[in-house]
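**Student:** Before I ask anything, here is the structure I am working with.
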Amino acid sequence: MKSWRHSRPFWGGLLIVLAGAELLSIPFTLNALSVTILFSAVGATYLIALVMMISGVLVWLQPGQRVFLGLVAVLLSMASFVYSNLGGFLIGMSLGLLGGTLAIAWTPLSRPAGRLDSLSVRDLPDAARALVSKAGTMRAVIGLGSRRRRRSPTRATPVATMNREATTTPPRMETKASLTVEQTALRE
81 MKSWRHSRPF
91 WGGLLIVLAG
101 AELLSIPFTL
111 NALSVTILFS
121 AVGATYLIAL
131 VMMISGVLVW
141 LQPGQRVFLG
151 LVAVLLSMAS
161 FVYSNLGGFL
171 IGMSLGLLGG
181 TLAIAWTPLS
191 RPAGRLDSLS
201 VRDLPDAARA
211 LVSKAGTMRA
221 VIGLGSRRRR
231 RSPTRATPVA
241 TMNREATTTP
251 PRMETKASLT
261 VEQTALRE
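Written out as structure tokens, the structure is:
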């Protein structure tokens with residue numbers, strides 16, 4: 081039984097079935113079957129509840145259709161707010177919304193090995209090493225890491241020399257206080 085539960089979205093289907101049963105229980109407790117013929121909203125309640133229960137069972141039997149059936153359950157849960165006593169007094173609606181989203185989000189256990197979204201925290205360092213080694217082999221195959229480019233020797237042109245001199249620090253500005261007596265006499 082446990083392996084059967086793990087191979088399909090069991091909890092999502094169960095919540096969808098419970099939501100349908102809860103939506104169906106309110107009209108049955110009120111003996112509203114005779115009112116169903118006169119008032120169409122009660123008939124819509126029966127229809128919504130039965131389709132939700134059927135979609136919950138189909139989520140169990142057809143796990144490949146879980147996204148579509150979960151979406152049907154979510155939409156019917158929202159419609160139940162209007163058509164069946166505020167979604168079964170918000171209980172049936174919330175159960176249907178939760179079950180539908182669980183059915184949509186469920187993924188099978190068997191995933192291809194090495195996918196990054198299927199790794200646990202313990203497997204992360206090994207996966208990082210494998211990724212780095214794959215990148216190294218790809219570089220070697222492409223030829224990025226095998227040859228280094230040679231630099232051609234640059235000649236010092238007069239323009240390059242002038243540009244280098246222009247980018248050096250400017251000479252220090254001398255103030256009158258730093259000038260010696262002899263330098264002051266030479267300047268005058």
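Here the sequence shown stands for residues 81 to 268, numbered as in the numbering used here.
Where is the CB? At the ideal position from N, CA and C, for every residue including glycine.
No experiment lies behind these values; they were computed from the predicted model shown.
Would you give the residue range spanned by the alpha helix (DSSP H) that leucine 178 belongs to?
**Tutor:** Here residue 178 is taken as the residue at index 98 of the sequence shown, counted from 1. Run containing leucine 178: 171-185, per the alpha helix (DSSP H) assignment.
**Student:** For methionine 158, tell me which candidate among Val139, Ala129, Leu141 and Ala185 has the shortest Cα-Cα distance.
**Tutor:** For the purposes of this step, residue 158 is taken as residue 78 along the sequence shown, with counting starting at 1. Answer by Cα proximity: Ala129.
**Student:** Return the CA-CA distance between methionine 132 and alanine 99, expressed in angstroms with no decimal places.
**Tutor:** For this step, residue 132 is matched to residue 52 along the sequence shown. For this step, residue 99 is matched to residue 19 along the sequence shown. Each residue's Cα considered, the two are about 7 Å apart.
**Student:** Give the straight-line distance between the Cα atoms of alanine 183 and isoleucine 222, rounded to the nearest whole angstrom.
**Tutor:** By one-based count along the sequence shown, residue 183 stands at place 103. By one-based count along the sequence shown, residue 222 stands at place 142. If you take the alpha carbons of alanine 183 and isoleucine 222, they lie about 44 Å apart.
**Student:** Mapping DSSP to helix, strand and coil, what is aspartate 203?
**Tutor:** Reading the sequence shown from its first residue, position 123 is the one you call residue 203. Coil, per DSSP.
**Student:** Consult DSSP for methionine 132 and reduce its assignment to one of helix, strand or coil.
**Tutor:** As a position in the sequence shown, residue 132 is number 52, starting the count at 1. Residue state, collapsed to three classes: helix.
**Student:** DSSP three-state call for leucine 155: helix, strand or coil?
**Tutor:** Taking the sequence shown and counting its residues from 1, the one referred to as residue 155 is at position 75. Helix, per DSSP.
**Student:** Can you tell me whether methionine 81 is buried or exposed? The criterion is at least 16 other CB atoms within 10 Å of its CB, across all chains shown.
**Tutor:** One-based indexing of the sequence shown puts residue 81 at position 1. Methionine 81 is exposed by the Cβ-count criterion.
**Student:** When we look at the beta-carbon of serine 83 and count the other beta-carbons within 10 Å, is it buried (16 or more) or exposed?
**Tutor:** Against the sequence shown, residue 83 aligns to sequence position 3. Result: exposed.
**Student:** Which of the three DSSP states is assigned to proline 143 in this structure?
**Tutor:** Walking along the sequence shown from the start, residue 143 turns up at place 63. In the structure shown, proline 143 sits in a helix (DSSP, three-state: H, G or I).
**Student:** Quick check on DSSP: helix, strand or coil for serine 213?
**Tutor:** One-based indexing of the sequence shown puts residue 213 at position 133. Residue state, collapsed to three classes: helix.
**Student:** Could you spell out the range, first to last residue, of the alpha helix (DSSP H) harbouring arginine 85?
**Tutor:** The residue given as residue 85 occupies position 5 in the sequence shown. Arginine 85 -> alpha helix (DSSP H) spans 82-86.
**Student:** Touching or not, the stretch 85-100 and the stretch 173-182, by the rule of three or more beta carbon pairs under 8 Å?
**Tutor:** The answer is yes - the stretch 173-182 touches the stretch 85-100, with three or more Cβ pairs under 8 Å.
**Student:** For arginine 155, tell me which candidate among Thr181, Gln142, Trp140 and Val139 has the shortest Cα-Cα distance.
**Tutor:** Within the sequence shown, the letter at position 75 stands for residue 155. One detail in the question is off: residue 155 reads as leucine in this sequence, not arginine. Of the listed residues, the one whose Cα sits closest to leucine 155 is Thr181.
**Student:** Among the residues of its own chain, which have a CB less than 7 Å from the CB of tryptophan 186, if the five just before and after it don't count?
**Tutor:** Residue numbering aside, residue 186 sits at position 106 when the sequence shown is read from its first letter. Result list for tryptophan 186: Pro89, Gly92 and Arg146, in chain order.
**Student:** Classify leucine 138 as buried or exposed, calling it buried when 16 or more other Cβ atoms lie within 10 Å of its own Cβ.
**Tutor:** Here residue 138 refers to the residue found at position 58 of the sequence shown. Burial call: buried.
**Student:** Would you mind working out which of Tyr126, Leu94 and Gly136 sits nearest asparagine 165, comparing C-alpha positions?
**Tutor:** Here residue 165 corresponds to residue number 85 of the sequence shown, with the count starting at 1. Cα-wise, what sits closest to asparagine 165 is Tyr126.
**Student:** So, at 8 Å on beta carbons, what are the nonlocal neighbours of tryptophan 140 in its own chain, with the 5 sequence-adjacent residues on each side left out?
**Tutor:** In the sequence shown, the residue the question calls residue 140 occupies position 60. If we look at tryptophan 140 and ignore the five residues flanking it on each side, its Cβ neighbours are Arg88, Pro89, Phe90 and Gly93.
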